[in-house]
Amino acid sequence: MVDRGDAREAADRLIAAFGSLAAIGAAPRRRLAALVGEPAAALVAAHRAAMLWALREPAVRGPVMATRYELIDYLYHRMAHDPTESLRVFFLNRGRELLAEEVVARGGPDALAVEPRQVMARALELGATGLILVHNHPSGDPSPSLADRRFTRALAAAGEHLGVRLHDHLIVARGGTRLMEVAEG
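Under UniProt numbering, the first residue of the sequence shown is numbered 1, with each subsequent residue one higher.
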């Protein structure tokens with residue numbers, strides 16, 4: 001494994017390269033391994049997985065978004081430092097309990113392509129009656145783009161016709177998390 005002297009040196013290298021613990025946790029494992037070796041990279045990956053699991057459990061137990069702060073904390077650590085944009089959907093039952101949490105689309109550093117019907121098809125497969133959308137902005141700015149607003153409106157309208165309510169749309173970025181009200185879309 002890593003002895004104490006090596007651990008301090010490895011930590012200094014990682015902070016110098018990435019700037020924060022959150023950025024280290026989100027870094028690709030191969031990049032970590034190049035800086036500090038595979039054993040230390042494996043420890044970082046294991047620590048991040050355990051931390052995300054610990055943050056996720058209280059966030060999705062019971063009605064999702066009943067306690068927004070726990071969900072926002074989990075999502076910030078999960079997505080804020082990802083270098084590519086992704087759309088994560090929480091599919092909910094009538095009691096707003098979690099049926100599934102899935103990444104339904106991945107894109108590049110500043111956009112992703114997804115159609116409302118992709119999301120609605122999966123919601124109907126799962127028997128979901130509600131959705132919470134979450135996507136990240138790798139730029140660091142959580143402000144919604146025009147495309148974000150259009151997609152939110154289109155998805156909410158499609159859901160209205162299918163009996164699947166869009167409860168919330170969150171945008172996660174290094175600069176914070178923005179709750180985009182569905183009416184704002």
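For each residue, glycine too, the CB sits at the ideal point set by N, CA and C. Given the structure is predicted, the values throughout are model-derived calculations rather than measurements.
(1) Looking at the unbroken alpha helix (DSSP H) that takes in A158, where does it start and where does it end?
(2) First and last residue of the beta strand (DSSP E) that includes A111?
(3) Under 9 angstroms, do V134 and L170 count as touching if we go by C-beta distance?
(4) To the nearest angstrom, how far is the alpha carbon of P109 from that of A147?
(5) Between which two residues does the alpha helix (DSSP H) harbouring E125 extend?
(6) I'd like to know if the stretch 37-45 and the stretch 79-98 are in contact, where contact means that at least 3 CB-CB pairs between them fall below 8 angstroms.
(7) Assess, as a yes-or-no matter, whether the stretch 93-107 is touched by the stretch 122-139 under the definition of 3 or more beta carbon pairs within less than 8 angstroms.
(8) Out of G175, R13, T84, which one is the CA nearest neighbour of L111?
(9) Relative to the alpha-carbon of A41, which residue among M51, A50, G25 has its alpha-carbon at the smallest distance?
(10) At the level of alpha carbons, what is the spacing between I15 and A27?
(11) In angstroms, rounded to a whole number, what distance separates the CA positions of I72 and T177?
(12) Excluding the 5 residues preceding and the 5 following A113 in the sequence, name in chain order all residues of the same chain whose CB lies nearer than 8 angstroms to its CB.
(13) Excluding five sequence neighbours on each side, which residues of the same chain lie with their C-beta closer than 7 angstroms to the C-beta of A23?
(14) Could you give the distance in angstroms between the alpha-carbon of S145 and the alpha-carbon of V36?
(15) Can you check whether the CB of V89 is closer than 9 angstroms to the CB of N136?
(16) Below 8 angstroms CB to CB, which residues in the same chain sit around A7 once its five sequence neighbours on both sides are set aside?
(17) By Cβ distance, which residues of its chain are closer than 7 angstroms to residue 190, with the 5 residues on each side in sequence left out?
(18) Please classify L32 as buried or exposed, where buried requires at least 16 other C-beta atoms within 10 Å of its C-beta.
By the coordinates alone:
(1) 146-162
(2) Note, A111: premise wrong, no beta strand (DSSP E); not H, not E.
(3) yes
(4) 15 angstroms
(5) 116-126
(6) no
(7) yes
(8) Reading the sequence as shown, one finds Ala at residue 111 and not Leu. Cα-wise, what sits closest to A111 is T84.
(9) G25
(10) 12 angstroms
(11) 7 angstroms
(12) A105, G107
(13) H81
(14) 38 angstroms
(15) no
(16) A40
(17) Outside the modelled stretch of the chain, which goes from 1 to 185, sits residue 190, for which no answer is possible.
(18) buried
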